[in-house]
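Scroll down for the structure; my scribbles are underneath it.
Residue numbers (the numbering used here), protein chains in the order written: chain A, 74 to 187; chain B, 9 to 124.
In structure tokens, the structure reads:
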């Protein structure tokens, strides 16, 4: 199992550009989520999905879109990048959306918006 | 509201000494508590979790954590620290109530440094 994979590892964008961060998991997990990590703030939930075709907003959804067309993939789209979106982005998955389920994280994408 | 507090931004300990990384939590329902470790330029790795039962939970790499309901704490411990334990540690809580079901709330992280 590769677990949770993310591409790219690094990305530099200019303000106003759009891009998609890719996330895939091969564990047949129903629940997937996106977090951003900023210094001194821990991780904050952007969007999540409890299964294919179902997504919902997290704590900091503005400026981001998601879709879930398959169980394996959960891409995160930045519509018009802003410097405030400079961060490290982590994708995570768990078997289901139960409070007892362990979430497994990908290696992260480090995004810089100039 | 659900929240996690890690009162120490940094913990420094000598190799071979015991270490403790502190965590307190606040949830509306039953607490489900997790510890993750992040090595430089890596993702978060799961260490251990408390769901129910024994208050002392054992996890990966010799770590353990003690759940204390009366003090709403879930401190991470290791009897003998290694230099390789140096990393950023996150405490997190999930709750089982309402619209936030399953959402994972993270503390701000504690940087552990173990010196030789």
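Every residue, glycine too, gets a C-beta built ideally from N, C-alpha and C. A quick note: this is a predicted structure, and the numbers were derived from the prediction, not measured.
Between the Cα of residue i and the Cα atoms of the options, which residue gives the shortest distance?
i, options, result
"residue 166 (chain A)", "A:88, A:103, A:89, A:80", "A:103"
"residue 157 (chain A)", "A:125, A:163, A:184", "A:184"
"residue 70 (chain B)", "B:92, B:63, B:60", "B:92"
"residue 86 (chain A)", "A:109, A:176, A:110, A:154", "A:154"
"residue 110 (chain A)", "B:47, B:122, B:116", "B:116"
"residue 49 (chain B)", "A:170, A:82, A:172, A:168", "A:82"
"residue 187 (chain A)", "A:90, A:76, A:80", "A:90"
"residue 163 (chain A)", "A:106, A:75, A:101, A:84", "A:106"
"residue 90 (chain B)", "B:43, B:22, B:100, B:45", "B:22"
"residue 38 (chain B)", "B:103, B:44, B:118", "B:103"
"residue 86 (chain B)", "B:17, B:9, B:56, B:114", "B:56"
"residue 18 (chain B)", "B:94, B:101, B:114, B:124", "B:94"
"residue 101 (chain B)", "B:43, B:26, B:74, B:88", "B:43"
"residue 118 (chain B)", "A:112, A:108, A:143, A:100", "A:112"
"residue 60 (chain B)", "B:73, B:53, B:68", "B:73"
"residue 62 (chain B)", "B:75, B:99, B:68", "B:75"
"residue 68 (chain B)", "B:88, B:99, B:53", "B:53"
"residue 144 (chain A)", "A:127, A:138, A:152", "A:127"
Terminal residues of the continuous beta strand (DSSP E) containing residue i?
i, result
"residue 92 (chain A)", "92 to 98"
"residue 22 (chain B)", "18 to 22"
"residue 102 (chain A)", "No beta strand (DSSP E) holds residue 102 (chain A); DSSP gives it neither H nor E."
"residue 98 (chain B)", "95 to 102"
"residue 129 (chain A)", "127 to 130"
"residue 86 (chain B)", "81 to 86"
"residue 47 (chain B)", "Segment: none, residue 47 (chain B) is in no beta strand (DSSP E) and carries neither H nor E."
"residue 116 (chain B)", "Element bounds for residue 116 (chain B): n/a, residue is neither H nor E."
"residue 66 (chain B)", "64 to 66"
"residue 75 (chain B)", "72 to 76"
"residue 138 (chain A)", "137 to 139"
"residue 124 (chain A)", "116 to 124"
"residue 57 (chain B)", "52 to 58"
"residue 11 (chain B)", "11 to 13"
Assuming residue i and residue j form a contact by the criterion Cβ under 8 Å, report the distance between their Cβ atoms to the nearest whole angstrom.
i, j, result
"residue 179 (chain A)", "residue 78 (chain A)", "6 Å"
"residue 97 (chain B)", "residue 120 (chain B)", "6 Å"
"residue 125 (chain A)", "residue 99 (chain A)", "Actually they are not in contact, since the Cβ atoms of residue 125 (chain A) and residue 99 (chain A) sit about 15 Å apart, beyond 8 Å."
With 16 as the cutoff for other CB atoms within 10 Å, does residue i come out buried or exposed?
i, result
"residue 82 (chain B)", "buried"
"residue 41 (chain B)", "buried"
"residue 51 (chain B)", "buried"
"residue 114 (chain A)", "exposed"
"residue 64 (chain B)", "exposed"
"residue 160 (chain A)", "buried"
"residue 174 (chain A)", "buried"
"residue 46 (chain B)", "buried"
"residue 123 (chain B)", "exposed"
"residue 80 (chain A)", "exposed"
"residue 141 (chain A)", "buried"
"residue 9 (chain B)", "exposed"
"residue 130 (chain A)", "exposed"
"residue 170 (chain A)", "buried"
"residue 116 (chain A)", "buried"
"residue 27 (chain B)", "buried"
Under 6 Å: does the beta carbon of residue i sit that close to some heavy atom of the ligand MG?
i, result
"residue 97 (chain B)", "The ligand MG is not part of this structure, which contains no ligands at all."
Touching by the beta-carbon criterion (3+ pairs, under 8 Å), the region 31 to 40 of chain B and the region 109 to 124 of chain A: no
Validate contact between the region 22 to 32 of chain B and the region 80 to 94 of chain B using beta carbons, cut 8 Å, 3 pairs: yes
Stretch-stretch touch, CB-based, cutoff 8 Å, three pairs: the region 95 to 112 of chain A with the region 133 to 150 of chain A: yes
Cβ contact check for the region 125 to 141 of chain A and the region 9 to 22 of chain B: 3 or more pairs under 8 Å: no
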